[in-house]
Amino acid sequence: CDRSMRDRLRQCLQRQNISVKEFVANAQVAHLSVATTEDIDEGCVVVDLGGGVTDVTVLLGGKVRYMASIPVGTDTINSDIRAYGIPANYIESLKRQYGSAVKESATDDKIVFQSARRGVPKSILRRNLATIIEARLSEIAEWVAREIKEANCGAKFSPILLLTGGGSEMQNIEKLFSRELGFEEVRAVYPEYGFTENMTDVITTMAYSTVASLLLFGAGRGTCSIAVGPRVAAPVAPEEHRIHKPEPVKPE
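If you read the sequence shown in this note's numbering, its first letter stands for residue 921, the second for the next number, and so on.
Written out as structure tokens, the structure reads:
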């Protein structure tokens, strides 16, 4: 991020008596919790699919050779689904439960659910949902392909592709990226390296990969003192302002 953003972030942390030792780009450390030593030595590309951005890290010979941050993330999928009149609070569960990154793998059944706002039934064909997802992920894959080419690792560079981040928790996403980039080996991976066994039981989603990798990077920079302050109870919103969990969607 630019200097002004770093300065504002530093000031916010300092107000909470948190000192900043170093700023580090997500793409610089993204591999720490998801790639093995063999992956990094032999060659791999880590693609961290976030909501607003997609980070790409190219590794070879045991080190980071190239990194980039693409200004497109999986939030664009949510926006496209919203255009179908689907309420925003249903979209994430709809995408994860019934979405597919490859439209050919989707059926033509209709997903119907009650809108909490007006009680009017809403619906979308599962194949239409997959078409939206595939289009946006294909666009992201094109960006990734360009960044891999920019890394200029040579004609013999044949890496594996590691997909992580919250946006990677999508059915058939490995199949789509394999098709779009021509990679033989594509894996969606959880942050599991560098932690004790009891910690890996807690890390249950790919969405934690950036935080997990930053923790490992920080641990490698040495210890720091941590103080636990008093817990402050969160304010309770009035009943009429509370957000209620939507009813689960059901296919017909």
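Ideal Cβ positions, reconstructed from N, Cα and C, are used throughout, including at glycine. All of these numbers come straight from a predicted model, not from anything done at the bench.
Around the beta-carbon of Met-987, 16 or more other beta-carbon atoms lie within 10 Å, marking it buried.
The DSSP assignment places 1117–1120 as complete runs of the alpha helix (DSSP H) inside the segment 1102–1139, in order along the chain (cut-off: 4 residues). For Leu-1045, the enclosing beta strand (DSSP E) covers residues 1041–1045.
Distance from the Cα of Arg-1099 is smallest, within the candidate group Thr-1125, Ile-1060 and Ser-939, for Ile-1060. In the DSSP assignment, Leu-980 falls within the beta strand (DSSP E) that extends over 974–980. Residue pairing from DSSP places Leu-1082 in a beta bridge opposite Val-966 and Arg-1107. Under the rule that a run must span 3 or more residues, the beta strand (DSSP E) segments found entirely inside the segment 988–1061 read 1030–1034 and 1041–1045. Membership of Asn-1072 in any alpha helix (DSSP H) is not indicated, and neither H nor E is assigned to it by DSSP. In terms of Cβ geometry, Ala-1050 and Ser-1020 form a close pair [threshold 7 Å]. Secondary structure of Arg-926 (DSSP, three-state): helix. Checking the DSSP bridge columns, you'll see Lys-983 partnered with Leu-980. With a cutoff of 7 Å on beta-carbon distance, Ile-1001 and Ile-1080 are scored as not near each other.
In the three-state scheme derived from DSSP, where H, G and I count as helix and E and B as strand, Phe-943 is classed as coil. By the C-beta criterion, the segment 951–960 is judged not to be in contact with the segment 1040–1050, since fewer than 3 inter-stretch pairs fall below 8 Å. Comparing alpha-carbon positions, the option among Glu-958, Arg-923, Ile-938 and Val-976 lying closest to Glu-1070 turns out to be Val-976. Residues Val-1022 of the same chain have their beta carbon placed closer than 6 Å to that of Lys-1095, with the five preceding and five following residues left out of the count. In this structure, the straight-line span from the alpha carbon of Asn-1118 to that of Asn-1009 is close to 33 Å. Counting only the Cα atoms, Arg-1016 lies some 20 Å from Val-1122.
Relative to Gly-971, the option among Pro-991, Gly-982, Val-978 and Glu-958 whose CA is nearest is Pro-991.
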